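**Student:** Shown below is the structure under consideration.
2 protein chains.
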Amino acid sequence: MIDEPGLRQRKKLQTRTRIEAAALDLFERQGFDGTTVEEIAGAAQIAPRTFFSYFPTKEDVVLADYAGRLERIVEQLGDRPPAETPWAALRASFVVVAADYDTQRRELVRRFRIMADSASVHARSLQLQSGWEDALAAALGARMGDDTESLTSRLLASAALSAMRSSQRHWIATGQTTPLPTLVESCFDQLADGLADLG
Amino acid sequence: MIDEPGLRQRKKLQTRTRIEAAALDLFERQGFDGTTVEEIAGAAQIAPRTFFSYFPTKEDVVLADYAGRLERIVEQLGDRPPAETPWAALRASFVVVAADYDTQRRELVRRFRIMADSASVHARSLQLQSGWEDALAAALGARMGDDTESLTSRLLASAALSAMRSSQRHWIATGQTTPLPTLVESCFDQLADGLADLG
DNA sequence: GTGCAAGATTGCAGTGACTGCATAAATCGT
DNA sequence: ACGATTTATGCAGTCACTGCAATCTTGCAC
Numbered sequence: 001m002i003d004e005p006g007l008r009q010r011k012k013l014q015t016r017t018r019i020e021a022a023a024l025d026l027f028e029r030q031g032f033d034g035t036t037v038e039e040i041a042g043a044a045q046i047a048p049r050t051f052f053s054y055f056p057t058k059e060d061v062v063l064a065d066y067a068g069r070l071e072r073i074v075e076q077l078g079d080r081p082p083a084e085t086p087w088a089a090l091r092a093s094f095v096v097v098a099a100d101y102d103t104q105r106r107e108l109v110r111r112f113r114i115m116a117d118s119a120s121v122h123a124r125s126l127q128l129q130s131g132w133e134d135a136l137a138a139a140l141g142a143r144m145g146d147d148t149e150s151l152t153s154r155l156l157a158s159a160a161l162s163a164m165r166s167s168q169r170h171w172i173a174t175g176q177t178t179p180l181p182t183l184v185e186s187c188f189d190q191l192a193d194g195l196a197d198l199g
Numbered sequence: 200m201i202d203e204p205g206l207r208q209r210k211k212l213q214t215r216t217r218i219e220a221a222a223l224d225l226f227e228r229q230g231f232d233g234t235t236v237e238e239i240a241g242a243a244q245i246a247p248r249t250f251f252s253y254f255p256t257k258e259d260v261v262l263a264d265y266a267g268r269l270e271r272i273v274e275q276l277g278d279r280p281p282a283e284t285p286w287a288a289l290r291a292s293f294v295v296v297a298a299d300y301d302t303q304r305r306e307l308v309r310r311f312r313i314m315a316d317s318a319s320v321h322a323r324s325l326q327l328q329s330g331w332e333d334a335l336a337a338a339l340g341a342r343m344g345d346d347t348e349s350l351t352s353r354l355l356a357s358a359a360l361s362a363m364r365s366s367q368r369h370w371i372a373t374g375q376t377t378p379l380p381t382l383v384e385s386c387f388d389q390l391a392d393g394l395a396d397l398g
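So the sequence lines, in the order shown, correspond to chains A and B. The numbering of the first sequence is the working numbering, which starts it at 1 and goes up by one. The numbering of the second sequence is the working numbering, which starts it at 200 and goes up by one.
Following this line, the structure appears as structure tokens:
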């Protein structure tokens with residue numbers, strides 16, 4: 001079942017990579033809003049129409065690898081021992097993914113910068129995260145044996161993403177001086193212990 | 200300094216209301232994406248071009264009163280005694296606004312339904328909430344005497360909005376059987392006491 | 001009231017993201 | 001090498017949104 005990647009697959013991946021590279025470069029030099037799909041297509045040597053068979057929206061080029069992360073988090077969550085507390089399981093799952101972030105530091109910071117520059121990319125990012133929240137809440141609901149729309153699983157999923165977002169933002173703002181997993185652990189722990197006495 | 204609302208102001212408000220009414224009606228009948236600005240303008244008896252001098256985007260008609268709520272929350276936050284814990288101050292502020300929600304129940308449920316139907320309205324809502332988070336984090340930072348970009352104030356603001364969103368969603372999903380302020384209090388308390396033992 | 005300044009409405013032309021459809025080109029399995 | 005399946009492309013169209021200039025309405029000073 002190991003697919004030798006045929007020429008077709010290889011070429012498609014190449015093109016995709018070429019589009020991403022060209023787009024990110026243009027975004028950095030002209031700004032996201034100052035760059036048209038036509039320009040990206042030109043720089044990537046494809047027809048403008050073809051762009052949209054690789055990415056559903058212009059924004060998604062910047063957030064290309066977001067989808068994969070959700071899968072990894074949910075996957076991690078499925079691997080956690082059932083005896084573990086939901087919050088502990090969430091914490092462990094997110095820390096694993098945060099470690100990946102540290103690995104791809106340069107690339108991610110690049111994309112974050114573009115996101116910070118453009119309102120529409122940021123909006124799209126939040127929209128995707130909202131989808132993650134749904135998936136997480138569902139996974140937690142299953143884990144906790146709830147059939148119904150549970151307020152608790154929602155709150156847990158939402159709080160976890162809050163911890164992640166806050167950590168990311170601080171990580172970027174401080175020039176990645178503290179490793180991201182450390183920040184994530186810290187945020188998760190604060191939420192674990194309660195916010196009552198903070199500040 | 201009490202402005203007697205001149206004819207000008209009154210007319211403008213009327214038009215705005217007429218646009219909102221026409222738009223919401225069309226959205227409910229044809230779906231958000233199935234309704235064009237041209238149609239809304241026609242139904243509201245204005246020129247299409249005029250629509251955009253009342254609302255910056257089509258999405259904003261659905262979220263028209265969002266802006267006011269942030270102001271009220273930040274205002275409430277400013278009125279809380281400085282001795283109070285940040286989280287306690289946040290809780291109190293949000294509960295006040297949640298009470299307003301209960302008052303305007305019918306209208307809000309209408310708008311929430313449209314938002315649930317349309318991905319772009321939902322995205323826009325998240326974007327606006329992100330702006331609130333910035334404002335809240337700044338207000339908390341000031342309250343706590345932080346000059347710097349503080350991880351803690353971010354986390355508090357973000358967690359507060361998570362509590363609000365989760366409560367709202369549950370409120371809508373359960374047909375508003377439990378009053379919203381009660382749900383909000385419950386979520387804030389769970390975050391205050393810590394998520395470690397939940398589930 | 002009359003006239004002038006400020007504000008509101010409108011039309012027009014344009015940009016740019018995105019889509020459906022039909023056709024051509026490349027690649028795959030046989 | 002050949003038919004089937006993908007993939008690339010061109011074309012025409014929709015729609016949100018914008019800048020600009022002209023026009024009309026309201027507010028206000030006199």
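For every residue, glycine included, the Cβ atom is placed at its ideal position computed from N, Cα and C. This structure is a prediction, so every number in the text was calculated from the model and none was measured.
In terms of residues, what are the limits of the alpha helix (DSSP H) holding A:R169?
**Tutor:** Here residue 169 of chain A refers to the residue found at position 169 of the first sequence. Segment L151 to A173, the alpha helix (DSSP H) holding A:R169.
**Student:** Rounded to whole angstroms, how far is the Cβ of A:S125 from the Cβ of A:L63, which I believe are closer than 8 Å?
**Tutor:** As a first step, residue 125 of chain A is located in the first sequence; it is residue number 125 there, counting from the start. As a first step, residue 63 of chain A is located in the first sequence; it is residue number 63 there, counting from the start. Contact holds; Cβ gap of about 6 Å.
**Student:** Using a beta-carbon distance below 8 Å, is B:I201 in contact with chain A?
**Tutor:** Taking the first residue of the second sequence as position 1, residue 201 of chain B is located at position 2. A caution first: B:I201 carries a pLDDT of 41, below 50, which makes its placement in the model unreliable, though a value can still be read off. No, B:I201 lies away from the interface with chain A (no Cβ there is under 8 Å from its Cβ).
**Student:** Determine the extent of the alpha helix (DSSP H) in which A:S93 is found, giving its start and end residues.
**Tutor:** Counted from its first residue, the first sequence places residue 93 of chain A at position 93. DSSP places A:S93 inside the alpha helix (DSSP H), whose first and last residues are P86 to T103.
**Student:** In whole angstroms, what is the alpha-carbon distance linking B:G393 and A:F188?
**Tutor:** As a working mapping, residue 393 of chain B is identified with position 194 in the second sequence. As a working mapping, residue 188 of chain A is identified with position 188 in the first sequence. B:G393 and A:F188: Cα-Cα distance of roughly 10 Å.
**Student:** For A:S130, which residues in chain B fall below 9 Å Cβ to Cβ?
**Tutor:** On the first sequence, position 130 is the one that residue 130 of chain A refers to. The contacting residues are H321, A322 and L325.
**Student:** Do the stretch 145 to 156 of chain A and the stretch 336 to 353 of chain B make contact, defined as three or more Cβ pairs closer than 8 Å?
**Tutor:** no
**Student:** Which residue wins for smallest C-alpha separation from A:E185, given the options A:Q168, A:T174 and A:L198?
**Tutor:** In the first sequence, residue 185 of chain A corresponds to position 185, counting from 1. Answer by Cα proximity: A:Q168.
**Student:** Grouping DSSP H, G and I as helix and E and B as strand, with all else coil, what is A:G42?
**Tutor:** Taking the first residue of the first sequence as position 1, residue 42 of chain A is located at position 42. Three-state DSSP puts A:G42 in a helix.
**Student:** So what's B:Q229 in DSSP terms, helix, strand or just coil?
**Tutor:** As a working mapping, residue 229 of chain B is identified with position 30 in the second sequence. In the structure shown, B:Q229 sits in a helix (DSSP, three-state: H, G or I).
**Student:** Quick one: measure Cβ to Cβ for A:Q190 and B:L225, integer angstroms, because I've assumed they're closer than 8 Å.
**Tutor:** Taking the first sequence and counting its residues from 1, one reaches residue 190 of chain A at position 190. Taking the second sequence and counting its residues from 1, one reaches residue 225 of chain B at position 26. That pair is no contact at about 46 Å.
**Student:** Using a 10 Å radius around the Cβ and a threshold of 16 neighbouring Cβ atoms, would you call A:F52 buried or exposed?
**Tutor:** The residue labelled residue 52 of chain A in the question sits at position 52 within the first sequence. Exposed: under 16 other Cβ atoms inside 10 Å.
**Student:** Who are the neighbours of A:A78 on chain B, taking C-beta pairs under 7 Å?
**Tutor:** Here residue 78 of chain A is taken as the residue at index 78 of the first sequence, counted from 1. Here the sequence assigns Gly to residue 78 of chain A, which means Ala is not the residue at that position. Near A:G78 there are no residues of chain B at all, since even the closest Cβ is about 16 Å away, more than 7 Å.
**Student:** Can the beta-carbon of A:S166 be found closer than 8 Å to that of B:S292?
**Tutor:** As a first step, residue 166 of chain A is located in the first sequence; it is residue number 166 there, counting from the start. As a first step, residue 292 of chain B is located in the second sequence; it is residue number 93 there, counting from the start. No, they are not a contact pair.
**Student:** Is A:A43 closer than 8 Å to A:A67 when the C-beta atoms are compared?
**Tutor:** What you label residue 67 of chain A is simply residue 67 of the first sequence in a count that begins at 1. What you label residue 43 of chain A is simply residue 43 of the first sequence in a count that begins at 1. Going by C-beta atoms, A:A67 is not nearer than 8 Å to A:A43.
**Student:** Between A:A196, A:S118, A:Q176 and A:F55, which lies nearest to A:L108 when the distance is taken from Cα to Cα?
**Tutor:** Stepping through the first sequence from its first residue, residue 108 of chain A is reached at position 108. With distances taken between Cα atoms, A:L108 lies closest to A:Q176.
**Student:** Span of the alpha helix (DSSP H) holding A:R136?
**Tutor:** Here residue 136 of chain A refers to the residue found at position 136 of the first sequence. Rather than Arg, the amino acid found at residue 136 of chain A in this sequence is Leu. Unbroken alpha helix (DSSP H) run through A:L136: A119 to R143.
**Student:** Rounded to the nearest angstrom, how far is the Cβ of A:A196 from that of B:A391, given a contact under 8 Å?
**Tutor:** Sequence index remark: in the first sequence, residue 196 of chain A carries index 196 (1-based). Sequence index remark: in the second sequence, residue 391 of chain B carries index 192 (1-based). About 4 Å separates the beta carbon of A:A196 from that of B:A391, a gap short enough to meet the 8 Å contact definition.
**Student:** Please classify A:P9 as buried or exposed, where buried requires at least 16 neighbouring CB atoms within 10 angstroms.
**Tutor:** Reading the first sequence from its first residue, position 9 is the one you call residue 9 of chain A. Note that residue 9 of chain A is Gln in the sequence shown here, rather than Pro. A:Q9 comes out exposed.
**Student:** Are any of the Cβ atoms in chain A nearer than 8 Å to that of B:A341?
**Tutor:** Position 142 of the second sequence holds residue 341 of chain B. Taking Cβ atoms only, chain A never reaches closer than 8 Å to B:A341, which makes this a no.
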